[in-house]
Structure formats: C-alpha cells, structure tokens
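Peer 1: In the UniProt record's numbering, the protein residues as written are 1 to 704.
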C-alpha cells in the first residue's frame, strides 16, 4: 500500500534529527516501512507541545477508603508534583522470563530503540519441571530446576542484548542487591547500555496454569501459605535461599519502583477472567497474581512523596490466542526473531554455561500460540478522554499514580496546564469522558479495591462530574459492577463506554466476565437504574458508544469474527440489538464518532494482521456504506481516533502518527511525532492529544 509521510521537525539535537529523518526516508523506498524499525533514537517533543508540570491539587473527587491494609495501599494522598523535568523511565513487572517478549513486545523493543531507561522485573524463576529440552527430547533429559532457571535467564539476556546492541553476546554485569522485603535479588546491567537492567526475584513458580498449587503467588495472595520459597538459578550472585511473606513481596516490588523511579509501568492483566463452563482461568495463575502483587506495590509506592508521576499499561496474555492478530507481518517477524534468540534455536553455546543459552521448551514453537503476531492492551483503549467546555476550554483526563489526572487548555489559545491529580486512588488505567447537555463534564472508569481478606479484591465502575460547567469535580460515585464476586470471573470487566442522548439520559456500557454487554442507565433526574444484560456472545475488548446529530444512541462491541451493534431508533428510545453487522473481523479496538454529515455514526477499526485502517458508516444497527479502506497507512496497532478532519494512530514505530482526513478515498499525509505514548490518542477539531510515557500530555495542534 503506498504511503505518503512527512516527519515533523521537532526541536532536538541536530545530528539526531538528521539521523532519524534519514532512516525514515530509507524505510519508505518501495512503499515499505522497513527503515522505521531501525530507528535507534527518537527526538523528543518540543516543550511547546507538552503540558508543563504544575502543582497537584488536593481537593475534588474523593473515593471511599477501603478497609484494613488496603486503606494504606488503595487510597493514598496525591503526591506533590515533581519540580524538575522528568526523564522517561520504564519498569516492566512480569511473572516469568519470556512474558515480556511474548505479551509486551513490540512495545519493549520500541522503548529500547528510543534509548529509554528500562528495567524488567521477573517475579518467579520460571523453573517449571526443570527440564530444558525440546518436547521430543524431554523424556531423556535430566530435571534441574536451578539449571533451567539459569537457561531462561541466559535466553532473556541474549534477547535483550540483541534488541539493544544487535549482538546477543553483549556482556552483562550480574550483581546481588538487597530488597525492601529483607532478602536479595539479582540485578543484571547491560554493559554497552547500562540504562537497561534485568531484576530477578527468583520466587518459586506455580508450575501449572490453573491447577491447585498452594505454594505459589496464588496461594500466597490468598493466605493459604504464610511465605513463598525462593528458587535460585545456577550461577546467580544471590548467595542464600530465602522466603517472602505476602507483605514482603509487595514491599520488594514497591522498593524496586522507588529505586528505578519509573514514569511508566508495564504489567500483566490482573483480571483475565475464567471459562464459565469449567471455572478454569483464561490466563496463567502466575500472570494473574503476579499482576495483583504489582498493583498492590504500585498503590503503596503512590504514597512515597516526590516520585515522578506513574502511568500503567496492562497486557493481555494467553487469551490473545483465540483473537485476531494485531501486528503487521514485518513487526511480527521482528518479534519472532527475538523469540527465536530466547529459544536458543541454533544451539550454539556462546553463553559459557552448561545449563544452556536459552529456553529449549519453546524451541519447537517459538511463536507460542499466535503470540508473536499480537500485542493487546487489556485496558486503556478509549479515544474519548478530551472534552470541550462551554467556554471553549479543552479538558483532558488520564490516570497517574492511580488517581484521575486532569489538564486544562484555556479557550484563548494558551498552553495546557496540568496534571492536577484528584483525591481517590485505585483507578485502573483508561478513562472515558462525556459532556452533559448542561455543559458539565463527567468522567468514568474502573477502580480496583484492595481490601483485607481473600475476598477483598474487586473492581467496580466509578464516576465523577463537575459541580458546574468548567468547575471543580465532585465526589466519586461507585456504580458497582455486574459481577457476582471476584472468584466467579476474576473481576473481568471492560472499561466503560458512555453516551448521552438528546434527552440527557446517560447510558453506561460494560462487558462482563461472561463476555456479554451489560448496561446501567441514568435518567434525567440523576438516578441510576440497575445493571441489566444487553446480550451478545464472545464480546471482547472495550465497547464504544456515540450519539449522532439527531441524538440517537449507538453502541458497538467486537467479537473475534465481526462487530455487534445496538442502536436507538429515536432520542431516548431503547437500544435495539445485538445485531451482527456483517463487518469483517477487526483487531477488536474500535472508536466511534458522529458521521461527517451529522447523520449516523462512523466506526473506525483496523484490519487484522496488517495495521491497515478501515471505517464504515451506520444509521441504525446496519452499515449504510461499504467498508472503506483508507489508502496509505503507517501500520501499528490499537484504536484509530478519527473525526473532525483529523486522524491519529499508533504507528509501527510506536510513535504517534497524525494526518488530516478529508474526502473519502484521499491519500492521507502522515506525520510522525517523535515520542512514544500510552493508551490511545484523542483527535479533535483543534488537534491531537496523547499521554507520553513520561506522564505528560503531548499536544499536536491541527494544521501544523
């Protein structure tokens, strides 16, 4: 597909800018983006395009304080905003060696190429049964858990060294460091690029996806064991075995966050759901409970004064197997090459240990179960987090330190100011917002409650609204959850979608753990009705909702095969559906906005395994236009923010890509902005907003 692309010239070091521009130009030969993947240093955005840090407010919406230990962890006071310029820093917390390569790449490699300080923390040793052999050779192999743990470490070191330096044998410094939990961890530092570090906690793994294994993170989280044992690898500089209590694991992770002071944390999905017919987990229990330990540590770290604001991204794990692939062939190929290095496919012993230089268990299928062709965010895909106030001021919303972060841009064209963090912690990444007919803005999201006891974990929908147009935000209101309890479905709910019809009625949509669409409605009197099931089967991802120019409500939700639709026939009328739209499979991430002529809705989505952009217009539950293929693209994955003459997407490089969008079929001219961002962009009439990995709002004005 032909591409027209220009590079936005951003203030930066002149030689770096020239190098990046040359790489981009080289990558466009023959209409491909190969050169983009070789960019090693991206210029940062100018300060004119990033909101300056301002003091954090301590008034506004308040969340009910959880009980017991969670009072300390889930409802911290907002920390003071940092005074100095904050440098982007990323920490990744995963359960096993290879979870980052399978489920977080290409985001990992993009951060490494950008030169961002990055630390990967591995909670368990990943020792499994101790056999480092291909499945066909496993019967004749000798079990050695310490040796297999070392082989997996060797594979990770080789994979990271290759991603950063091009050589898998680039050396590492291995040292032992004390932890805040009272034990010792191994820290590996890449000599050629010392900003790249690997930290190994070396706890015992469960050894099963969902079977009952009390001596595991699962058992420790639920109090079935008092402490979890270590499993040290061969050759580790950690000299002695140890055990951790639940609190010590939380303290250890929180201490690492304080040591590395990230502005962005990548972690796995703490609520991946269960199969209703069997009750078995959809993801590995170590993934789930490792993520919950990370959540608890982040909540504790939020109390530490003076640290940089932290954004969080969650990644889906095993459930990606059954879902459409998100990565284009070139990006998937690069990801697979890294996995082949980790799997030690060539068998050359260039690491100098008898344990092996990689994970031979995955050598027979290094792509996993389709994982090399996909990356999917579990939360944070809304493109409706910027709103215009009645006076013309712009308001933006995100989640930092578990709090709602707000920015404001005055109507007179002044600079964005923020973030201001509202009280009330525990918010999950990804919020959505709407403007009510009276001009007040309301924000919706989900909150995780970390209370005492084995049944204390839960997620619920929360909302806060301005007390007056352009005014402060009132107290948080919990709208509960359609879930019976955490054990039933691991609190697996989507982020909410919200729409307000022409009569002022608010409809909140949510996917539940049984993969159906549910809803609560707020009448014009302000009262909320009960949760009710709207139906649908195999609904995945986050639903989207919008209102057309006539005030009619539309709702869309993806399945692995098509898109389901619900629509109101008149303003304030009931939603009819679900109806199979007949649209082809998507990558699940949807966005919806009023059609350009005001009649109906335009739905944006991506073609699987390509990154190509598509759209279709709706009036009612059926499309009223053929699927439109947008000529020219930048690949990538995730939602398409479209409407008001602008498009914004995540490109194959991970950079924000923007383009004016006019008549149907016109080839867009894409501009790559020089920064990595989290979640999804929000394109509006005035420009495009995105939250960088530095926790700052980056603004690309329209027409520039």
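Beta carbons: idealized from backbone N, C-alpha and C, even for Gly.
Check whether the region 675-694 touches the region 618-635, taking contact to mean three or more Cβ pairs, one atom from each stretch, closer than 8 angstroms.
Peer 2: Verdict: no, contact absent.
Peer 1: Could you tell me if the beta carbon of residue 648 falls within a distance shorter than 8 angstroms of some heavy atom in the ligand HEM?
Peer 2: What this structure holds is no ligand at all, so the ligand HEM is not there to describe.
Peer 1: How close, in whole Å, do the beta carbons of residue 439 and residue 402 come, if the pair is a contact with beta carbons under 8 angstroms?
Peer 2: Going by Cβ atoms, the distance from residue 439 to residue 402 rounds to 29 angstroms, so no, they are not a contact pair.
Peer 1: According to DSSP, is residue 281 part of a helix, a strand, or is it coil?
Peer 2: The answer is strand: DSSP assigns residue 281 an E or B state.
Peer 1: Take residue 276 and list the residues in its own chain whose beta-carbon comes closer than 6 angstroms to its own, dropping the five residues that flank it on each side.
Peer 2: If we look at residue 276 and ignore the five residues flanking it on each side, its Cβ neighbours are 514.
Peer 1: Kindly list the residues whose CB is nearer than 7 angstroms to the CB of residue 235, restricted to its own chain and excluding five residues on each side of it in sequence; keep chain order.
Peer 2: Here the set comprises 150 and 353.
Peer 1: Figure out for me which residue from 232, 593 and 170 has the closest Cα to the Cα of residue 157.
Peer 2: Measuring from the Cα of residue 157, the nearest candidate turns out to be 170.
Peer 1: By the 10 Å Cβ neighbour count, where 16 or more other Cβ atoms means buried, how is residue 567 classified, buried or exposed?
Peer 2: Under this definition residue 567 is a buried residue.
Peer 1: Out of curiosity, what's the CA-to-CA distance linking residue 392 and residue 478?
Peer 2: Roughly 29 angstroms between the two C-alpha positions.
Peer 1: Taking the runs of the beta strand (DSSP E) that are 3 residues or longer, which of them lie wholly in the region 608-636?
Peer 2: Listed in chain order, they are 613-618.
Peer 1: Less than 9 angstroms between the C-beta atoms of residue 593 and residue 527, yes or no?
Peer 2: Not closer than 9 angstroms, so no.
Peer 1: Considering only the beta carbon of each residue, do residue 292 and residue 254 sit closer than 9 angstroms?
Peer 2: For residue 292 and residue 254, no; Cβs fall outside 9 angstroms.
Peer 1: Taking one C-beta from the region 129-147 and one from the region 176-183 each time, how about it: are there three or more such pairs within less than 8 angstroms?
Peer 2: The region 129-147 vs the region 176-183: no contact.
Peer 1: Which of the three DSSP states, helix, strand or coil, is assigned to residue 132?
Peer 2: The answer is coil: DSSP assigns residue 132 none of H, G, I, E or B.
Peer 1: Could you give the distance in angstroms between the alpha-carbon of residue 223 and the alpha-carbon of residue 584?
Peer 2: Going from the Cα of residue 223 to the Cα of residue 584 covers about 46 angstroms.
Peer 1: Please go through the region 515-593 and give each complete alpha helix (DSSP H) segment of 4 or more residues, from N-terminal end onward.
Peer 2: Counting whole runs of 4 or more residues, the region 515-593 contains no alpha helix (DSSP H) stretch at all.
Peer 1: Taking just the CA atoms, how far does residue 99 sit from residue 207?
Peer 2: Looking at the two C-alpha atoms, the distance is approximately 15 angstroms.
Peer 1: Beta-carbon separation of residue 441 and residue 389 under 9 angstroms?
Peer 2: Their beta carbons are under 9 angstroms apart, which means residue 441 touches residue 389 by this criterion.
Peer 1: Would you list the one or two residues that DSSP bridges to residue 649?
Peer 2: 657, per the DSSP bridge assignment.
Peer 1: Could I get the ranges of all uninterrupted beta strand (DSSP E) runs contained in the region 88-120, with 3 residues as the minimum, in chain order?
Peer 2: Qualifying beta strand (DSSP E) stretches, in chain order: 90-94.
Peer 1: Which runs of the beta strand (DSSP E) fall wholly inside the region 305-337 and span at least 3 residues, in chain order?
Peer 2: With a minimum length of 3 residues, the continuous beta strand (DSSP E) runs that stay inside the region 305-337 are 311-315.
Peer 1: Which value, in whole angstroms, describes the spacing of the CA atoms of residue 428 and residue 346?
Peer 2: One C-alpha to the other measures close to 42 angstroms.
Peer 1: Report the CB separation of residue 124 from residue 88 in whole angstroms; it is logged as a contact under 8 angstroms.
Peer 2: 28 angstroms between Cβ atoms; not a contact.
Peer 1: Any idea what DSSP makes of residue 1, helix, strand or coil?
Peer 2: The predicted position of residue 1 is uncertain, since its pLDDT is 38 and thus under 50; a value taken from the coordinates is nonetheless stated next. Three-state result, residue 1: coil.
Peer 1: Exposed or buried, which one is residue 173 when buried takes at least 16 other CB atoms within 10 Å?
Peer 2: Residue 173 comes out exposed.
Peer 1: What do you get for residue 467, buried or exposed, if any count of 16 or more other CB atoms within 10 angstroms of its CB means buried?
Peer 2: With fewer than 16 Cβ atoms within 10 Å of its Cβ, residue 467 is classed as exposed.
Peer 1: Quick check on the burial criterion: 16 or more other C-beta atoms within 10 angstroms. Buried or exposed for residue 280?
Peer 2: Under this definition residue 280 is an exposed residue.
Peer 1: Does DSSP put residue 341 in a helix, in a strand, or in coil?
Peer 2: It is helical.
Peer 1: Measure the alpha-carbon distance for residue 693 versus residue 308 and round it to whole angstroms.
Peer 2: Taking the straight line from one Cα to the other gives about 11 angstroms.
Peer 1: For the candidate residues 465, 690, 458 and 305, whose alpha-carbon lies nearest to that of residue 443?
Peer 2: That would be 465, whose Cα lies nearest to the Cα of residue 443.
Peer 1: Could you give the first and the last residue of the continuous alpha helix (DSSP H) run that contains residue 247?
Peer 2: Unbroken alpha helix (DSSP H) run through residue 247: 246-260.
Peer 1: Would you mind reading off the limits of the alpha helix (DSSP H) that contains residue 155?
Peer 2: Start and end: 145-165.
Peer 1: Nearest by alpha-carbon distance to residue 127: which of 107, 245, 335 and 355 is it?
Peer 2: When each option's Cα is compared against that of residue 127, the closest is 355.
Peer 1: When DSSP labels each residue in this structure, what does residue 16 get in the three-state scheme?
Peer 2: Here residue 16 scores only 29 on pLDDT, less than 50, and its place in the model should not be relied on; the value that follows carries that caveat. Residue 16: helix per DSSP, three-state reduction.
Peer 1: Using only the alpha-carbon positions, how far apart do residue 82 and residue 140 sit?
Peer 2: Reliability of the predicted coordinates at residue 82 is poor, the pLDDT of 43 falling under 50, and the value obtained from them is presented with this limitation in mind. Distance between the alpha carbons of residue 82 and residue 140: 57 angstroms.
Peer 1: Check whether the region 607-623 and the region 409-418 touch, using three or more Cβ-Cβ pairs below 8 angstroms as the test.
Peer 2: Verdict: no, contact absent.
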